[in-house]
Amino acid sequence: MFQNILEEIYQEVKPLILNGQQADYIPELAKTDPLKFAISLTSTDGKHYDVGHTDEKFSLQSIAKVFAFTLAYKIKGDAVFKHVGVEPSGDPFNSLIQLEQEDGFPRNPLINAGALAVCDILISELKNPEKELLQFIQKLAGHPDINYNHKVYESEKATGYKNRALIHLMKSFDRIQNDTGPVLDLYFKLCSVEMTTRELSQTFLLYANHGQLPLSGEQILTKSQTKRTNAIMQTCGFYDEAGEFSFRVGLPGKSGVGGGIAALHPGRYAVAVWSPPLNSKGNSVKGMKALELLTTKLGWSIF
Ligand code: GLU
9 MFQNILEEIY QEVKPLILNG QQADYIPELA KTDPLKFAIS LTSTDGKHYD VGHTDEKFSL
69 QSIAKVFAFT LAYKIKGDAV FKHVGVEPSG DPFNSLIQLE QEDGFPRNPL INAGALAVCD
129 ILISELKNPE KELLQFIQKL AGHPDINYNH KVYESEKATG YKNRALIHLM KSFDRIQNDT
189 GPVLDLYFKL CSVEMTTREL SQTFLLYANH GQLPLSGEQI LTKSQTKRTN AIMQTCGFYD
249 EAGEFSFRVG LPGKSGVGGG IAALHPGRYA VAVWSPPLNS KGNSVKGMKA LELLTTKLGW
309 SIF
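In the working numbering, each residue's number is its place in the sequence shown (first place is 1) plus 8.
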């Protein structure tokens, strides 16, 4: 059933001429081919269903913020929420305005300011944050070859002025414990992680599987922590379009400016879609459409 539905979606979405443009504020991302499209679904019984360019790696960007948050939550438990909130921002992902009005306390871990605060926690807690964060993501993915993309990292490091502004603003409110340089560096590394849609749907299965890794059986987050992480994705995973995504798709998920979206149905499946052109809010235009078609055709959503 899943395979047929993915193929139908591919046929319906592929010819659509939708307005959208690759992110170009990170120059390396502007080079991606706008015609690439891939969708992969992994069901909780471990079966994979794929259509399109599912073997090509793409830049996870903000999707990877979910993994950094997962690690910080695992290490610190509820104490993580002293550093970052759980409210949707309703603002663009890199907005400074709310942060200034709210004394430098980031609304949630999935906007840039929140992910920077999470990277700050990881630097405080881990001996070798860059290596251990990557190893953690590799473990979630069940793939030892998942890696940072050096070119994307360098490209964002050379141009990430807004993120520098965010972290300095937080630092001015005493919200960042470490030097800003290493925190930014870990953040840029995190955003540069790349995966195929197949690897990403496999990695997201954890959140559909109540916090347990489906392959090894290891419990990464408790059931309650997983529910909470999913709730944050539901309300905060799509920048200032989280309401629209809930309305049209009805699943918790996270998008990134690399054109990827990962989402999940608790107890059923995880799904990853990739198509680089983004709408004005930074979400993949065809990705949103594909996931809307998926939940419509399946007749299941979490609502
Ligand atoms: N690295 C990107 C940035 O910080 C991530 C943005 C995103 O994917 O939403 O601007």
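Positions of the beta carbon are idealized from the N, C-alpha and C atoms, including for glycine.
| request: Please work out which residues of its chain come closer than 7 Å, Cβ to Cβ, to residue 94, disregarding the five sequence neighbours upstream and downstream, and give them in chain order. | output: 116, 240
| request: Report buried or exposed for residue 101, applying the criterion of at least 16 other Cβ atoms within 10 angstroms of its Cβ. | output: buried
| request: Please name the residue or residues paired with residue 93 in a DSSP beta bridge. | output: In DSSP, residue 93 forms no bridge with anything.
| said: Beta-carbon within less than 6 Å of residue 325's beta-carbon, same chain only, minus the 5 sequence neighbours each way: which residues are those? | reply: In the structure displayed, the chain extends from 9 to 311; residue 325 sits before or after that span and is not available.
| field | residue 214 burial status per 10 Å Cβ neighbour count (16 or more: buried) | value | buried
| said: Quick check on residue 138: does DSSP put it in helix, strand or coil? | reply: Helix.
| query | By DSSP, does residue 208 sit in helix, in strand, or in coil? | reply | helix
| Reference residue 104, options 90, 67, 119, 70, closest by Cα | 119
| request: State buried or exposed for residue 166, treating a residue as buried only when at least 16 other CB atoms are found within 10 Å of its CB. | output: exposed
| query | Cα separation between residue 306 and residue 46? | reply | 19 Å
| Per DSSP, cross-strand counterpart(s) of residue 176 | DSSP lists no partner for residue 176.
| request: Using DSSP bridges, identify the partner residues of residue 30. | output: Beta bridge pairing from DSSP links residue 30 with no other residue.
| said: Measuring straight from C-alpha to C-alpha, what distance separates residue 209 and residue 106? | reply: 32 Å
| For residue 241, does the three-state DSSP call read helix, strand or coil? | helix
| query | With respect to 7 Å, is the separation between the Cβ of residue 136 and the closest non-hydrogen atom of the ligand GLU below this value? | reply | no
| For the putative contact between residue 78 and residue 229, defined by C-beta atoms under 8 Å, what is the C-beta separation to the nearest angstrom? | 6 Å
| message | Give me the DSSP bridge partner(s) of residue 261. | response | 271
| Beta-carbon spacing of residue 137, residue 145 below 8 Å | Result no, Cβ atoms of residue 137 and residue 145 do not sit closer than 8 Å.
| task | Keeping to the same chain, check which residues put their C-beta closer than 6 Å to that of residue 127; ignore five residues upstream and five downstream. | result | 191, 194, 195
| query | Helix, strand or coil for residue 296 per DSSP? | reply | helix
| task | Using alpha carbons as the reference points, say which of 294, 27, 36, 291 lies closest to residue 162. | result | 36
| query | On the three-state DSSP scale, how would you describe residue 301? | reply | helix
| said: In the DSSP output, what is residue 58 paired with across the bridge? | reply: 48
| query | Does the distance from the CB of residue 295 to the CB of residue 30 come in under 8 Å? | reply | no
| query | DSSP three-state call for residue 286: helix, strand or coil? | reply | strand
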